[in-house]
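Final position of the sequence shown in the working numbering is 242; the numbers increase by one with none missing. Every residue, glycine too, gets a C-beta built ideally from N, C-alpha and C.
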Amino acid sequence: GILIFARHQACATLVRDSVKKRVFSDKIYWALVCGEPTSLHGNVNIPLQLQRGKWQQPCSIMDGGVHAITEWRVAKTSAVSGGVSLLEMMPQTTTRHQVRAHAAYGLKCPIVGDSVYYEPAQKLGRLTGHQAGYASAEAVAERAKIFGEDPPLMLHSRSVVLRTFAGKQVRVDAPPPKPMLRAFARLGWAHDVSWSPQRELPRDEPLAWPVVATAKEKKKPAEGEQEKVRSASVDDDEEPVD
Numbered sequence: 001g002i003l004i005f006a007r008h009q010a011c012a013t014l015v016r017d018s019v020k021k022r023v024f025s026d027k028i029y030w031a032l033v034c035g036e037p038t039s040l041h042g043n044v045n046i047p048l049q050l051q052r053g054k055w056q057q058p059c060s061i062m063d064g065g066v067h068a069i070t071e072w073r074v075a076k077t078s079a080v081s082g083g084v085s086l087l088e089m090m091p092q093t094t095t096r097h098q099v100r101a102h103a104a105y106g107l108k109c110p111i112v113g114d115s116v117y118y119e120p121a122q123k124l125g126r127l128t129g130h131q132a133g134y135a136s137a138e139a140v141a142e143r144a145k146i147f148g149e150d151p152p153l154m155l156h157s158r159s160v161v162l163r164t165f166a167g168k169q170v171r172v173d174a175p176p177p178k179p180m181l182r183a184f185a186r187l188g189w190a191h192d193v194s195w196s197p198q199r200e201l202p203r204d205e206p207l208a209w210p211v212v213a214t215a216k217e218k219k220k221p222a223e224g225e226q227e228k229v230r231s232a233s234v235d236d237d238e239e240p241v242d
């Protein structure tokens with residue numbers, strides 16, 4: 001996914017302050033989760049408290065919890081293995097593990113490969129009477145055929161919009177890693193998937209699958225133009241790297 005590196009101290013300060021002031025816009029994660037949410041979109045507003053510096057658990061603000069809000073929308077669902085869904089997760093705050101914790105505690109749909117929040121999500125489901133079909137032995141075995149016995153965390157930093165020193169907004173998009181692409185193929189979603197910035201949608205409109213040009217479909221420079229290349233290129237036939 002996307003990582004932001006500062007090349008000098010002034011830039012580092014700008015990015016840090018932007019995060020604190022929550023002026024990043026359209027920060028989007030893609031998450032493959034176990035189960036299916038009960039609606040197509042919504043918001044999770046659950047304060048979180050870090051435990052032993054390792055994981056988050058729900059905690060009221062009065063008891064030391066940190067304010068945390070995540071907007072989410074369903075992109076794709078499948079009934080296999082008790083339910084698998086691809087979600088767009090858009091954190092409105094910047095609490096550690098926020099997306100992972102809100103998927104588990106708020107939606108009761110832990111992210112595939114999340115060994116930290118999978119069990120707490122199941123425990124919460126049992127306490128609240130939530131029937132998680134993905135937790136059955138049959139579903140677990142079927143999910144292992146799709147993702148592997150020990151899959152990596154299926155969470156991808158998809159895109160972020162940041163403001164430059166000049167005040168311009170810059171959007172950066174990253175293609176999914178290979179394990180996520182393989183999972184899409186095994187779920188039968190490969191023909192629906194392409195990887196460039198998707199169109200903006202009204203908040204009340206169900207999320208449509210992004211439609212993007214592939215590397216081979218990109219516009220070629222006009223004759224006589226010299227395209228400046230600042231980084232090493234890869235062959236168009238290569239798969240996106242992790």
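Sheet register partners of residue i (DSSP bridge)
i	result
S115	Answer is none; S115 lacks a bridge partner.
E71	N43, M90
Y29	M89, S157
C34	V84
P58	L48
Y136	With the sequence shown as reference, residue 136 is identified as Ser, and Tyr is not the correct amino acid for it. S136 pairs with nothing; no bridge assigned.
K76	L86
The alpha helix (DSSP H) enclosing residue i, as first and last residue numbers
i	result
P179	178-186
D17	9-20
R190	According to the sequence displayed, residue 190 carries Ala and not Arg. Per DSSP, A190 belongs to no alpha helix (DSSP H) and is neither H nor E.
Beta-carbon spacing of residue i, residue j below 8 Å
i	j	result
Y118	A101	no
L40	L86	no
V66	T95	yes
I28	P47	no
V74	P110	no
Q98	T70	yes
A174	G53	no
DSSP state of residue i mapped onto helix, strand, coil
i	result
A63	Going by the sequence as given, residue 63 is Asp instead of Ala. Three-state DSSP puts D63 in a helix.
R163	strand
P120	helix
T128	helix
R96	coil
R203	Reliability fails at R203, whose pLDDT of 37 lies under 50, so the model's placement of it is uncertain and the value that follows must be treated cautiously. Here R203 sits in coil by DSSP.
I147	Sequence check: residue 147 is Phe here, not Ile. Here F147 sits in helix by DSSP.
G1	coil
K101	The amino acid at residue 101 is misidentified as Lys; the sequence shows Ala. Three-state result, A101: helix.
A141	helix
Start-to-end residues for the beta strand (DSSP E) that takes in residue i
i	result
V170	169-173
L48	48-51
C-beta neighbour in chain D for residue i, strict 8 Å
i	result
E36	Reference to chain D is not applicable here, since this structure consists of a single protein chain.
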